[in-house]
Structure formats: structure tokens, C-alpha cells
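Here the protein sequences line up with chains Y and X, keeping their order. Mapping to my numbering: the first sequence position 87 is 149, numbers consecutive. Mapping to my numbering: the second sequence position 47 is 67, numbers consecutive. All residues carry an ideal CB built from backbone N, CA and C; glycine is no exception. Given the structure is predicted, the values throughout are model-derived calculations rather than measurements. One structure is given below, encoded as C-alpha cells.
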Amino acid sequence: MENTSQQQEGEKQFLAAYDEHSAAIFRFLTMKISDREIARDLTQETFTRAWDYCQSSGIIREWKPFLFRTAYNLVVDVYRKKKSVSLDMLIDDQGFAVSDDSADERQTIAHAEVARVRKGIDQLDDTYRDIIILRYTEDLPPKDIARITGLSENVVSVRIHRGIEKLKAILGPEDTPRV
Amino acid sequence: MKFNTIFKQDDPQIAAKIKAATQIRMDEAARERTRALLSEYVKMRPIRADATSVSGEPRYNRFSEFFMRHSMPAFAAVLVLAVGGGTAAAAEGALPGDILYPIKVHVNEEVQATLAFTPKAKADWAVDRAERRLEEAATLAVAGKLNDVTRAEIDTNFSAHLKAAGEDGAKLESDNDLATAAEVQTNIGATLRAHEEVLGAVSAKLSDGDKAQVDAVIASVHTAADLSAEKEVALEHKIKQEPAERVASVVKDKRTSARRHIETTKELLVRSKQRLPAETKSKAQAHLKAATDAFVAGEASDARGDAKTAFSDFNAALSGAVQTDAYVSGGLNVSDDSKNEKTATGTSVAATTTTNGEVPVIVPHPDEYKLKDL
Numbered sequence: 063m064e065n066t067s068q069q070q071e072g073e074k075q076f077l078a079a080y081d082e083h084s085a086a087i088f089r090f091l092t093m094k095i096s097d098r099e100i101a102r103d104l105t106q107e108t109f110t111r112a113w114d115y116c117q118s119s120g121i122i123r124e125w126k127p128f129l130f131r132t133a134y135n136l137v138v139d140v141y142r143k144k145k146s147v148s149l150d151m152l153i154d155d156q157g158f159a160v161s162d163d164s165a166d167e168r169q170t171i172a173h174a175e176v177a178r179v180r181k182g183i184d185q186l187d188d189t190y191r192d193i194i195i196l197r198y199t200e201d202l203p204p205k206d207i208a209r210i211t212g213l214s215e216n217v218v219s220v221r222i223h224r225g226i227e228k229l230k231a232i233l234g235p236e237d238t239p240r241v
Numbered sequence: 021m022k023f024n025t026i027f028k029q030d031d032p033q034i035a036a037k038i039k040a041a042t043q044i045r046m047d048e049a050a051r052e053r054t055r056a057l058l059s060e061y062v063k064m065r066p067i068r069a070d071a072t073s074v075s076g077e078p079r080y081n082r083f084s085e086f087f088m089r090h091s092m093p094a095f096a097a098v099l100v101l102a103v104g105g106g107t108a109a110a111a112e113g114a115l116p117g118d119i120l121y122p123i124k125v126h127v128n129e130e131v132q133a134t135l136a137f138t139p140k141a142k143a144d145w146a147v148d149r150a151e152r153r154l155e156e157a158a159t160l161a162v163a164g165k166l167n168d169v170t171r172a173e174i175d176t177n178f179s180a181h182l183k184a185a186g187e188d189g190a191k192l193e194s195d196n197d198l199a200t201a202a203e204v205q206t207n208i209g210a211t212l213r214a215h216e217e218v219l220g221a222v223s224a225k226l227s228d229g230d231k232a233q234v235d236a237v238i239a240s241v242h243t244a245a246d247l248s249a250e251k252e253v254a255l256e257h258k259i260k261q262e263p264a265e266r267v268a269s270v271v272k273d274k275r276t277s278a279r280r281h282i283e284t285t286k287e288l289l290v291r292s293k294q295r296l297p298a299e300t301k302s303k304a305q306a307h308l309k310a311a312t313d314a315f316v317a318g319e320a321s322d323a324r325g326d327a328k329t330a331f332s333d334f335n336a337a338l339s340g341a342v343q344t345d346a347y348v349s350g351g352l353n354v355s356d357d358s359k360n361e362k363t364a365t366g367t368s369v370a371a372t373t374t375t376n377g378e379v380p381v382i383v384p385h386p387d388e389y390k391l392k393d394l
């Protein structure tokens with residue numbers, strides 16, 4: 063009886079985690095491997111692995127960093143990046159759209175500027191790109207990014223800082239503030 | 021002071037622009053299909069009766085451990101309950117001849133092996149285990165406790181771990197994942213060569229009886245390293261026969277891997293330089309320099325379109341970085357102040373730890389990460 067209850071509670075939390083984090087995991091994987099079909103498969107794989115962990119060892123209380131770490135490992139261990147596709151291509155491609163979540167930002171940031179920033183992010187080295195995306199797109203704190211990437215918190219903080227500096231340098235002086 | 025305290029002020033304008041520029045979403049139908057599949061999946065694989073209760077203590081610390089490559093896995097929680105947490109933890113520091121040593125090798129490490137999902141992860145863990153055996157041999161030798169019995173136990177386990185790593189590598193090769201198979205083989209070879217060197221240095225300082233025991237271990241390592249080198253060459257040859265496009269793709273992966281290993285090894289050297297004997301430090305720096313030179317040569321080969329030579333160069337760079345890493349770890353293991361630097365897993369780390377048990381990292385000036393400065 064107790065195990066049935068544990069199973070039900072586990073299922074409930076697992077599916078709630080899917081509802082809450084699948085979009086972010088898919089977004090991260092898509093930007094990491096530049097292939098929406100494979101990103102979709104790997105998103106599913108990320109969640110099945112998370113469940114396998116639950117099944118063997120119990121509950122996961124910090125789902126977001128756990129799932130990102132699993133997804134990150136999956137890319138490193140299983141899938142090797144085969145091609146590089148610009149963010150513009152990924153976002154404009156069939157099956158993708160700019161998230162409703164970004165409507166507010168897009169109202170205040172002109173489309174041309176968004177496109178320019180995308181191109182800038184495309185030019186960043188992976189060393190900085192992954193960390194910048196985890197920090198600013200996914201709002202993860204350096205402590206969680208450190209757990210996800212296997213780096214120290216200090217190294218993550220340094221790379222965030224340097225990544226932003228590099229992005230600003232790529233964007234150049236015409237990157238004037240907009241309100 | 022931690023760097024994140026210096027950089028805690030995010031620039032809100034650039035943060036908003038990055039967020040706006042990177043919004044991608046899965047189409048709703050695909051998202052729902054995946055959800056339905058997962059819903060079925062969790063019913064097919066019910067939570068085991070012996071899994072930790074959902075009402076248990078917060079698992080965050082265990083989560084950290086789960087993800088630390090060399091730490092005790094969360095799966096061990098179940099076994100910890102069986103053998104007692106203190107016993108399992110104490111076993112991690114055990115050496116051949118100790119009563120808890122079988123727990124370390126046949127329980128703790130086997131449990132951790134279950135966490136490796138892919139053939140590469142399995143092979144990497146098998147190599148880590150082989151490396152642990154060699155570090156144990158060096159530790160015992162320094163303490164004058166390496167004898168026929170303890171050496172036989174190390175030899176048996178060492179051979180079993182290498183065999184397992186080789187089988188995982190062969191599986192990758194049969195799956196036609198030649199690049200990963202080559203990386204596994206490089207890891208095996210470089211790790212063995214590093215420990216052969218560490219054991220050689222240990223042997224040089226011992227009296228005849230103890231020296232003979234270490235030399236016997238070195239002979240096993242040497243033979244295994246030679247076999248590994250042959251496999252490495254064969255795999256490299258096979259990869260170079262692939263279509264040009266495929267070779268170029270492998271070169272790109274190899275470059276990334278080499279660069280990452282060089283960076284992490286440099287960080288390890290920076291962290292460890294105060295605790296390494298001068299001779300070890302000097303040799304490690306020379307190894308890393310050779311790896312960096314190979315990397316630079318790889319860049320040049322790649323730039324002139326010579327993918328096959330670039331592959332060899334980047335492979336040499338990767339091998340050199342892995343070898344340096346293993347050499348530094350092995351050197352720390354037998355350094356005079358190693359007693360203060362051993363973690364529960366037997367891996368040497370910085371002398372102090374934070375209150376939550378995580379290893380602090382002394383971050384050098386950011387410029388120190390640049391390859392050109394190595």
C-alpha cells in the first residue's frame with residue numbers, strides 16, 4: 063500500500079516536473095545541438111533517465127538543476143554536435159516559435175536588435191555560450207550552473223562575466239540602450 | 021573571495037536581450053505526445069520497494085554526490101542502509117589487506133558502475149577503477165606494505181577493470197562509433213603511461229625487496245600500455261580511412277575534447293602546484309606543454325586542410341592532457357603531505373573543503389586559462 067502511494071506521488075511529481083521544465087530542457091538541448099528532432103528525442107531521454115533515477119533511488123527534490131545536468135551529460139556522452147546552425151534558423155524553423163514568455167521583452171527590444179543579439183550569441187565560443195544561456199535564458203544561479211557543468215562556482219562566475227564582455231564586444235558600440 | 025561576489029551584478033539590459041533572443045519552444049502537439057509516452061513509461065517502471073521514501077530527508081546533498089564523477093553515488097544510499105553508512109564511507113579509504121577493502125571494490129565501486137549508462141561512461145569508470153588500483157599499489161609501496169598478497173589482489177582487480185574498459189571500447193567500435201572508441205582507448209593508454217611513470221618514481225626510492233614488488237606492478241602496467249597503444253594506432257588508422265567529411269567531423273570533436281582536457285588539467289596543476297614535489301611539478305608542466313604544442317600543431321594542420329594530421333595532433337594533445345592529469349593525481353597520492361589531502365574517494369584534492377563537503381577551487385587569473393599562456 064505504502065509503495066503504491068509512493069508510486070502515485072512519484073508519478074505526480076515527475077509529470078509536474080515535465081510540465082514545468084520540459085520547455086526549458088528542449089530549448090537548451092536545441093541550442094546545444096542545433097537539431098530540433100534530436101533535441102526532442104533527447105528531451106524525452108532526459109526525463110526517462112530522471113525517472114529511472116527516481117525508480118531506483120527515490121525522489122528528486124531539485125528538479126531543475128537535476129534535469130539540466132542530465133541533459134548536459136546526455137549531450138556530452140551520447141550525442142556529439144554534428145553541425146552548427148544559427149539561432150535564427152532554429153527559431154524560424156518549422157515547429158518553433160518565439161515563446162509567449164518573451165512577449166514583454168520583445169515589446170521593449172526591437173526585432174532588429176534581437177536578431178543582432180542572436181547573431182552575437184552564435185559567434186560565442188561554446189565555453190561561454192552554454193553558460194550564458196543557462197544563466198540568462200534559463201535564469202539558473204552560478205551555483206546550479208556549476209553543478210550542471212561540473213565546473214566550480216568561481217569558474218562559472220568568471221565565464222559569465224567574460225562571456226558577457228565578449229558578447230558586448232561582438233555587438234559593438236551600436237548596441238545602444240533601448241527602453 | 022569568490023568571483024561570483026564580484027560579478028553578482030548582472031547587466032539587466034543585456035540579460036533581457038539574451039533572453040529575448042533565445043526563446044525557442046517545442047510545438048504543443050509534440051510536447052503532449054512526449055508527455056503521454058512518459059506517463060506510460062513511469063507506469064511500466066514502478067518505483068522499487070527499496071527506493072528511498074518520498075517523505076525522507078531532503079536529498080540535495082546526495083544529489084550533489086550523484087553528479088560528482090568520483091564521489092559515492094546516490095544509489096549507494098540503499099547499500100548504505102544495508103551495510104551502514106559509516107561502514108561504506110570508511111571502506112572508501114581502505115587498502116588491500118584491510119577488512120573493509122572488499123566493500124570498497126565489490127560494493128561501493130560496483131554500485132557506482134550502475135550509474136554509468138553509456139559504453140563510454142562505463143569504460144571511463146572502469147579506467148578510473150584501474151587507476152585507483154594503481155594508486156593503492158603506490159600508497160602501499162610507500163608504506164612498505166606491498167607484498168605478494170596485496171599485489172596479487174591489486175593485479176587481479178586491475179586486469180578485470182582494464183578488460184571491462186576494453187570490452188566497452190570494443191562495443192563502441194562495433195557500433196561504428198570509432199571516435200568515441202578512440203577516445204576510450206586514448207584514456208586507457210594515457211592513464212597507464214602516467215601511472216607507470218609515477219610508480220617508476222616510487223620504485224626508485226625503495227629498497228630492493230619493496231622495489232621488486234613495485235616493479236612487478238610496473239611490468240603489468242607496461243604490458244597493458246603497449247597493448248593499448250596498438251589498439252590506439254589501429255583505431256586511428258581506421259578513422260583516417262573514413263570519408264573526408266566524417267574525418268573532419270571527428271577532428272572537430274577531438275579538438276574540443278583536447279582543448280577541454282588541457283584547460284581542466286591546467287586548472288588542476290594551478291590548484292596542486294603548492295603540494296606537488298618539484299620534480300613531479302616540472303615533469304607535469306613538460307607533459308602539459310607537449311600537449312599544448314600538439315594542440316597548436318593540430319590547429320595549424322586543420323587550418324591548411326590536412327584533417328588526418330590534425331586528427332593525430334589533437335589526439336596527441338588529448339592523450340598528453342589525460343596523461344598529465346593522471347600523473348598529477350598519482351603524484352599527489354604519493355606526496356609527503358598526501359595524508360591531509362585525501363578525500364573519502366581516495367582522490368587527492370585541495371587541502372580544505374567547504375562546510376557542505378564540496379571542494380573549493382582556487383581560481384587563477386582568467387588569462388591563465390588561455391592556451392597561448394600555457
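- The C-alpha of Ile208(X) lies about 43 Å from the C-alpha of Val179(Y).
- For Ala85(Y), the neighbours in chain X by C-beta distance under 8 Å run, in chain order, Arg45, Met46, Arg51.
- Ile122(Y) is the residue among Phe128(Y), Ile122(Y), Asn135(Y) whose C-alpha sits nearest the C-alpha of Gln68(Y).
- Look at Phe334(X): its C-beta is not under 9 Å from any C-beta on chain Y.
- Contact between the segment 270-280 of chain X and the segment 330-342 of chain X is present, with at least three C-beta pairs closer than 8 Å.
- Of Ala249(X), Arg171(X), Thr54(X), Glu216(X), the smallest CA-CA separation from Ser349(X) is found for Glu216(X).
- Rounded to the nearest whole angstrom, the CA to CA distance from Ala174(Y) to Ala40(X) is 12 Å.
- Neighbours of Leu58(X) in chain Y, taken as residues at a C-beta separation under 8 Å, are given in chain order as Phe76, Leu77, Tyr80, Gln106, Phe109, Thr110, Trp113.
- Proximity of Leu229(Y) to chain X, defined by a Cβ-Cβ separation below 9 Å, is satisfied.
- Taking CB atoms only, Glu287(X) has a neighbour in chain Y less than 9 Å away.
- The Cβ of Ile232(Y) sits no closer than 9 Å to any Cβ of chain X.
- DSSP, reduced to helix, strand and coil, places Pro204(Y) within a helical segment of the structure shown.
- In the three-state reduction of the DSSP assignment, Val218(Y) falls in the helix class.
- When Cβ-Cβ separations below 9 Å define contact, Lys258(X) makes no contact with chain Y.
- Taking all protein chains shown into account, Asp148(X) has 16 or more neighbouring C-beta atoms within 10 Å of its C-beta and is therefore buried.
- Between Ala202(X) and Ala150(X) a beta carbon distance of about 18 Å is seen, past the 8 Å cut, so the two are scored as non-contacting.
- Here Gly189(X) is buried: its Cβ has 16 or more other Cβ atoms, across all protein chains shown, within 10 Å.
- Measuring C-alpha to C-alpha distances from Val253(X) to each of Met46(X), Ala320(X), Phe331(X) identifies Phe331(X) as the nearest.
- Here Glu250(X) is exposed, its C-beta having fewer than 16 other C-beta atoms within 10 Å.
- At a beta-carbon threshold of 9 Å, none of the residues of chain X lie near Val137(Y); the nearest stands roughly 12 Å away.
- Annotation: Trp145(X) to Thr134(X) spans about 10 Å, alpha carbon to alpha carbon.
- Counted as a single uninterrupted DSSP element, the alpha helix (DSSP H) harbouring Leu212(X) occupies residues 198-224.
- At a cut-off of 9 Å between beta carbons, Lys39(X) contacts chain Y.
- With a cutoff of 9 Å on beta-carbon distance, Tyr198(Y) and Ile38(X) are scored as near each other.
- With contacts defined by Cβ atoms closer than 9 Å, Thr200(X) and Pro263(X) do not form a contacting pair.
- Cα atoms of Asp230(X) and Asp345(X): separation of roughly 26 Å, rounded to the nearest angstrom.
- The alpha-carbon separation between Lys328(X) and Lys260(X) amounts to approximately 6 Å.
- Residue contact with chain X for Ala133(Y): absent (no Cβ-Cβ distance below 9 Å to any residue of chain X).
- Beta-carbon to beta-carbon, Ala172(X) and Leu212(X) are separated by about 19 Å, too far to satisfy the 8 Å threshold.
- Contact annotation: in the segment 179-202 of chain Y, residues whose CB is within less than 7 Å of a CB in chain X are Val179, Arg180, Ile183, Ile194, Ile195, Tyr198, Thr199.
- Using beta-carbon distances, Ile226(Y) counts as an interface residue toward chain X, with a partner under 9 Å.
- Secondary structure note for Asn167(X): it is in no alpha helix (DSSP H), with a DSSP letter that is neither H nor E.
- Distance from Ile207(Y) to Val218(Y) at the Cβ level is roughly 5 Å; contact confirmed, criterion being Cβ atoms closer than 8 Å.
- Membership of Thr312(X) in the alpha helix (DSSP H) is indicated by the continuous run 298-323.
- The beta carbon of Ala177(Y) sits closer than 9 Å to some beta carbon of chain X.
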